[in-house]
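Q: One structure, as structure tokens, below. Some questions next.
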Amino acid sequence: MLAVMMAAASAFSMAGCSGDNNETTSTDESAQTTTEASTTEEGATEEATYDPADLDEVAEVVGKSYKEDTEHDYGYQLEMPEVGETIAIIHTSMGDISLRLFPENAPNTVNNFIELAKAGKYDNTIFHRVIDDFMIQGGDFENGDGTGGSTYNDEILEDEFCDKLLNLRGAVAMANSGRDTNGSQFFINQAGPENIDWDALQKQWEYMYEGLSMYHAQGVADYFAGMYGSYCYNPESVPEEVKELYNRYGGNPSLDGAYNAVDRGHTVFAQVFEGMDVVDAIAAVETDSETNKPYDDVIVTSVEITTYQG
Numbered sequence: 006m007l008a009v010m011m012a013a014a015s016a017f018s019m020a021g022c023s024g025d026n027n028e029t030t031s032t033d034e035s036a037q038t039t040t041e042a043s044t045t046e047e048g049a050t051e052e053a054t055y056d057p058a059d060l061d062e063v064a065e066v067v068g069k070s071y072k073e074d075t076e077h078d079y080g081y082q083l084e085m086p087e088v089g090e091t092i093a094i095i096h097t098s099m100g101d102i103s104l105r106l107f108p109e110n111a112p113n114t115v116n117n118f119i120e121l122a123k124a125g126k127y128d129n130t131i132f133h134r135v136i137d138d139f140m141i142q143g144g145d146f147e148n149g150d151g152t153g154g155s156t157y158n159d160e161i162l163e164d165e166f167c168d169k170l171l172n173l174r175g176a177v178a179m180a181n182s183g184r185d186t187n188g189s190q191f192f193i194n195q196a197g198p199e200n201i202d203w204d205a206l207q208k209q210w211e212y213m214y215e216g217l218s219m220y221h222a223q224g225v226a227d228y229f230a231g232m233y234g235s236y237c238y239n240p241e242s243v244p245e246e247v248k249e250l251y252n253r254y255g256g257n258p259s260l261d262g263a264y265n266a267v268d269r270g271h272t273v274f275a276q277v278f279e280g281m282d283v284v285d286a287i288a289a290v291e292t293d294s295e296t297n298k299p300y301d302d303v304i305v306t307s308v309e310i311t312t313y314q315g
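The numbers in our numbering rise by one with no breaks, and the one at position 225 of the sequence shown is 230.
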């Protein structure tokens, strides 16, 4: 049976985290997920059925973890900083981008960003990956192409997902290559509300839930999470207040780790409160169609850590 599941893996191979919502098949409305497996040399088949996975059980298996913030309302990240609050200003060759930081919900990530900035690691780096209507990505101080960039102390930086910090338009989040693989790279969400498609996200989830149920029934949900976890965003777990925020402001909801069934996503640690016009201008530059790298470098001259003066 494991061989059958491995063969089925290709069915769940989708494009990388590109901001596109892939058209997917939907789950049968009956209480079971069904796949067909070859059982004889003549090619006869029999149905193998799997009960829909209990998502609480899956969460325990994969070690799902996120903070439930009871102190703030949904959307608090869009508020202006208070006078005296620590902020960051990304100085770029195209203008300044000012960030409100959220140490109360992503303390280690914020500290990592601040320490890297103070050490000058972001000075004269570039935005190496730019996709209009999705995001702009930078912070690779080692190679400048998305393949490098460690934490300030070269130690593991675990994901810090929070139900109140969302990948809304203007949110700043950590780029990664999987669970707890954060380094120095970050991206700024740039997609507008016209890109939000809850129906497509629901179809993708129904499709992935079939696969997750199959793997979980065989005791290998963690393997499925490692391979396809980025696509396991569960719209059914998303509060209406969150959906309303995305519908109004835009962003990339599928990147929210708190609403991913298998603990995959991108840690939000800051929000642009001034300079989204600069972000949009960067997103609009001409790029290589294969690498998404701007033909003309967009340079981060420095990242300044200061206090908000009002």
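Even for Gly, the Cβ is constructed at its ideal location relative to N, Cα and C.
Out of Y55, E65, L60, E87, which one is the CA nearest neighbour of L315?
A: Counted from its first residue, the sequence shown places residue 315 at position 310. The sequence shown places Gly at residue 315, rather than the Leu named in the question. The candidate whose alpha carbon is nearest that of G315 is E87.
Q: Across the region 161–169 and the region 180–187, are there enough close Cβ pairs to call them in contact, namely three or more that are closer than 8 Å?
A: Cβ pair count under 8 Å is three or more, so yes.
Q: Closer than 7 Å by C-beta to N117: which residues in its own chain qualify, once you throw out the five before and the five after it? Chain order, please.
A: As a position in the sequence shown, residue 117 is number 112, starting the count at 1. Only T156, Y157, L162 meet the Cβ criterion.
Q: Along the chain, where does the beta strand (DSSP E) containing L104 start, and where does it finish?
A: The residue given as residue 104 occupies position 99 in the sequence shown. 100–106 is the extent of the beta strand (DSSP E) around L104.
Q: With distances taken from CA atoms, which of D202, P57, C167, N200 is nearest H271?
A: Translated into the one-based positions of the sequence shown, residue 271 becomes position 266. Residue C167 is the option with its Cα nearest to H271.
Q: Residue range of the beta strand (DSSP E) that N194 falls in?
A: Along the sequence shown, read from residue 1 onward, the residue named residue 194 stands at position 189. Here the beta strand (DSSP E) through N194 covers 191–194.
Q: Taking Cβ positions, are V305 and G125 nearer each other than 8 Å?
A: Position 300 of the sequence shown, counted from the start, is the residue given in the question as residue 305. Position 120 of the sequence shown, counted from the start, is the residue given in the question as residue 125. Cβ distance not < 8 Å, so V305 and G125 don't count as in contact.
Q: Evaluate the contact criterion for the region 91–109 versus the region 286–299: three or more CB pairs, one atom per stretch, below 8 Å.
A: Flag = yes, the region 91–109 and the region 286–299 touch.
Q: Quick check: the Cα distance between E295 and D302, rounded to an integer number of angstroms?
A: The residue given as residue 295 occupies position 290 in the sequence shown. The residue given as residue 302 occupies position 297 in the sequence shown. Spanning the two alpha carbons is a distance of roughly 16 Å.
Q: Please report how far the alpha carbon of C22 lies from the alpha carbon of N257, in whole angstroms.
A: As a first step, residue 22 is located in the sequence shown; it is residue number 17 there, counting from the start. As a first step, residue 257 is located in the sequence shown; it is residue number 252 there, counting from the start. Residue placement at C22 is poorly supported in this model, since its pLDDT is 41, which falls under 50; the coordinates are not used for a value here.
Q: Just how far apart, CA to CA, sit G262 and Q195?
A: Position 257 of the sequence shown, counted from the first residue, corresponds to residue 262. Position 190 of the sequence shown, counted from the first residue, corresponds to residue 195. So the alpha carbons of these two residues sit roughly 18 Å apart.
Q: Which class does L250 belong to by DSSP, given the choice of helix, strand or coil?
A: If you number the sequence shown from 1, residue 250 lands on position 245. Helix at L250.
Q: Counting along the chain, where does the alpha helix (DSSP H) carrying V115 start and finish?
A: Against the sequence shown, residue 115 aligns to sequence position 110. Run containing V115: 112–123, per the alpha helix (DSSP H) assignment.
Q: Return the residue from the list Y79, V277, S70, D74 that minimises the CA-CA distance to E245.
A: Here residue 245 refers to the residue found at position 240 of the sequence shown. Considering only alpha carbons, the answer is Y79.
Q: By how many angstroms is the C-alpha of S242 removed from the C-alpha of Y264?
A: Along the sequence shown, read from residue 1 onward, the residue named residue 264 stands at position 259. Along the sequence shown, read from residue 1 onward, the residue named residue 242 stands at position 237. Straight-line Cα distance between these residues: approximately 6 Å.
Q: Per DSSP, T311 forms a beta bridge with which residues?
A: Residue mapping note: residue 311 aligns to position 306 of the sequence shown, counting from 1. DSSP output for T311 lists I92 as bridge partner(s).
Q: Can you tell me whether DSSP reads K72 as helix, strand or coil?
A: What you label residue 72 is simply residue 67 of the sequence shown in a count that begins at 1. Strand.
Q: Would you tell me roughly how many angstroms separate the C-alpha atoms of S103 and A58, rounded to the nearest one?
A: Taking the first residue of the sequence shown as 1, we reach residue 103 at position 98. Taking the first residue of the sequence shown as 1, we reach residue 58 at position 53. Taking the straight line from one Cα to the other gives about 43 Å.
Q: What are the start and end residues of each continuous beta strand (DSSP E) run of 3 or more residues lying completely inside the region 208–275, in chain order?
A: With a minimum length of 3 residues, no continuous beta strand (DSSP E) run stays inside the region 208–275.
Q: Let's test the definition: count the other Cβ atoms within 10 Å of the Cβ of Y220 and tell me whether it reaches 16, buried, or not, exposed.
A: Within the sequence shown, the letter at position 215 stands for residue 220. Classification for Y220: buried.
Q: Anyone know if the C-beta pair for I141 and F192 falls short of 8 Å?
A: What you label residue 141 is simply residue 136 of the sequence shown in a count that begins at 1. What you label residue 192 is simply residue 187 of the sequence shown in a count that begins at 1. Going by C-beta atoms, I141 is nearer than 8 Å to F192.
Q: Is DSSP giving L171 helix, strand or coil here?
A: Here residue 171 corresponds to residue number 166 of the sequence shown, with the count starting at 1. Coil at L171, not helix or strand.
Q: Output the distance between the C-alpha atoms of T75 and Y254, rounded to the nearest integer angstrom.
A: In the sequence shown, the residue the question calls residue 75 occupies position 70. In the sequence shown, the residue the question calls residue 254 occupies position 249. C-alpha separation (whole angstroms): 23 Å.
Q: Quick one: residues in its chain with C-beta nearer than 7 Å to the C-beta of R134, no 5 flanking neighbours on either side, listed in chain order?
A: Taking the sequence shown and counting its residues from 1, the one referred to as residue 134 is at position 129. Answer for R134: Q142, G151, N297, K298, listed in chain order.
Q: Between which two residues does the alpha helix (DSSP H) containing V284 stretch?
A: Working through the sequence shown from its first residue, we reach residue 284 at position 279. It spans 281–288 - the alpha helix (DSSP H) in which V284 sits, taken as one unbroken run.
Q: CB of D204 to nearest heavy atom of the ligand ADP: below 7 Å?
A: The model depicted lacks the ligand ADP and carries no ligand whatsoever.
Q: On the three-state DSSP scale, how would you describe V303?
A: Mapped onto the sequence shown, residue 303 falls at position 298. Here V303 sits in coil by DSSP.
Q: Give me the residue from N252, Y236, G224, G197 with the minimum Cα distance to V284.
A: Translated into positions along the sequence shown, residue 284 becomes position 279. It is G197 whose Cα lies nearest to the Cα of V284.
Q: Just list the residues that DSSP pairs V63 with in beta bridges.
A: Translated into positions along the sequence shown, residue 63 becomes position 58. DSSP, once it has assigned bridges, lists no residue as partnering V63.
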